[in-house]
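Colleague:
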Amino acid sequence: MNLLRFSSFKKLLTLKFAQSLPVLQQTQIKAYHWQDKTENQKTSDASNKFTELDPEGWNERWKNRNIGFHKDHINVMLEKHVKRLVNKRENIKIFIPLCGKSLDMKWLADQGHTIVGVDCAEVAFKEFFEEHSLEHTVEPVENLSGKVYTSKDKKIMLYCCDFYKFSRDTAGQFNGIWDRGSLVAINRQDRQKYSTLMKSLMAPDCQYLVDTYDYNEELWPGPPHYVSAEQIQSLYGDTCDIEDVDTVDHMEEKHKKWGLDYINERLHVITLKK
1 MNLLRFSSFK
11 KLLTLKFAQS
21 LPVLQQTQIK
31 AYHWQDKTEN
41 QKTSDASNKF
51 TELDPEGWNE
61 RWKNRNIGFH
71 KDHINVMLEK
81 HVKRLVNKRE
91 NIKIFIPLCG
101 KSLDMKWLAD
111 QGHTIVGVDC
121 AEVAFKEFFE
131 EHSLEHTVEP
141 VENLSGKVYT
151 SKDKKIMLYC
161 CDFYKFSRDT
171 AGQFNGIWDR
181 GSLVAINRQD
191 RQKYSTLMKS
201 LMAPDCQYLV
211 DTYDYNEELW
221 PGPPHYVSAE
231 QIQSLYGDTC
241 DIEDVDTVDH
251 MEEKHKKWGL
261 DYINERLHVI
271 TLKK
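Read in UniProt numbering, the sequence shown has 7 at position 7, and its numbers run on one by one without any break.
1) Starting from the C-beta of residue 91, find all residues in its chain whose C-beta is less than 8 Å away, skip the five residues before and the five after it, and write them out in chain order.
2) Go ahead and pull the three-state DSSP assignment for residue 55.
3) Could you give the residue range of the alpha helix (DSSP H) that holds residue 174?
4) Pull up the distance between the alpha-carbon of residue 231 and that of residue 100, whole angstroms please.
5) Could you check whether the Cβ of residue 219 sits closer than 8 Å to any heavy atom belonging to the ligand SAH?
6) Leaving out five residues before and five after residue 190 in sequence, what residues of the same chain have Cβ atoms less than 7 Å from its Cβ?
7) Which word fits residue 248, buried or exposed, when buried means at least 16 other C-beta atoms lie within 10 angstroms of its C-beta?
8) Nearest CA to the CA of residue 160: which residue from 219, 193, 143, 270?
9) Can you give the Cα-Cα distance for residue 171 and residue 209, rounded to whole angstroms?
10) Comparing C-alpha positions only, which one of 78, 58, 238 sits nearest to residue 123?
11) Just the Cα atoms here: how many angstroms apart are residue 44 and residue 216?
12) Assign residue 243 to one of three DSSP states: helix, strand, or coil.
13) Taking the straight line between their C-alpha atoms, what separation do you get for residue 38 and residue 188?
14) Considering Cα atoms alone, identify which of 192, 120, 194, 205 is closest to residue 269.
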């Protein structure tokens, strides 16, 4: 009799569980949708979140050709203010952080300067040397867990690695730094770490040109991220003098699609205090 009752109870329990299964599955699906929404929130709610990208994310952008940040011309600010970068010197060593395959590198190298760039996207380096028909070598750099692409004339050296593994021990210090699309691209919480590294790479005579953007950060999560003049001062003012050199209207049709009503490009020149 007890065995019969247990059997009946087991059947009832099985039936109840089967009836509740669709509800459980539905609840689980809702949970997954919530998780997806939370991840997507990084780009959908600009007022609370700012887009964050790691090396994998940047490589994915190159893979998918989502590289609107790459320009098919020399940067206008650089052309206009290159004399501030060079500062009446010849054959100087210039650092270009998060360089991608920027045409600025070849342009500066053609003027006799030595260029050192760093980026995590190897495809950018392959395309750079191929598009400019430059003979080059590729060698591993063990302490960076990366590689270095070097032009035959050794005027251009591009390090493919985690940016924060690069240091003055890798390639020394620099007479000039051209920072276009780098400070404005890194994750906001990394800015202090970034500026500490950049200051360590500055030779005593270094002219550091940094290009930033000014817009309503409530409307767009970046990148490029908004970087204020006050933050430049906070990041570099302890050891450097900072000059605001130029501001131009940078508004294009794509910026309207981002929801912006204005965007200004600003150039700052940073030098070590004497």
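Even for Gly, the Cβ is constructed at its ideal location relative to N, Cα and C.
Modeller: So, from the data block:
1) Contacts found: 112, 113, 114.
2) In this structure, residue 55 counts as helix in the three-state DSSP scheme.
3) Premise fails: residue 174 lies in the beta strand (DSSP E), 174-180, not in any alpha helix (DSSP H).
4) If I take the Cα positions, the gap works out to 25 Å.
5) As for the ligand SAH, it is missing from this structure, which has no ligand bound.
6) Here the set comprises nothing.
7) With fewer than 16 other CB atoms across the displayed protein chains lying within 10 angstroms of its CB, residue 248 is exposed.
8) Out of 219, 193, 143, 270, 143 has the C-alpha closest to the C-alpha of residue 160.
9) Cα to Cα, residue 171 sits roughly 19 Å from residue 209.
10) It is 58 whose Cα lies nearest to the Cα of residue 123.
11) Reliability of the predicted coordinates at residue 44 is poor, the pLDDT of 39 falling under 50, and no value is obtained from them.
12) Three-state DSSP puts residue 243 in a strand.
13) With a pLDDT of 30 at residue 38, under the threshold of 50, the modelled position of this residue cannot be trusted; read the value that follows with caution. Between the alpha carbons of residue 38 and residue 188 lies a distance of about 19 Å.
14) The shortest C-alpha to C-alpha distance from residue 269 to any of 192, 120, 194, 205 is the one to 205.
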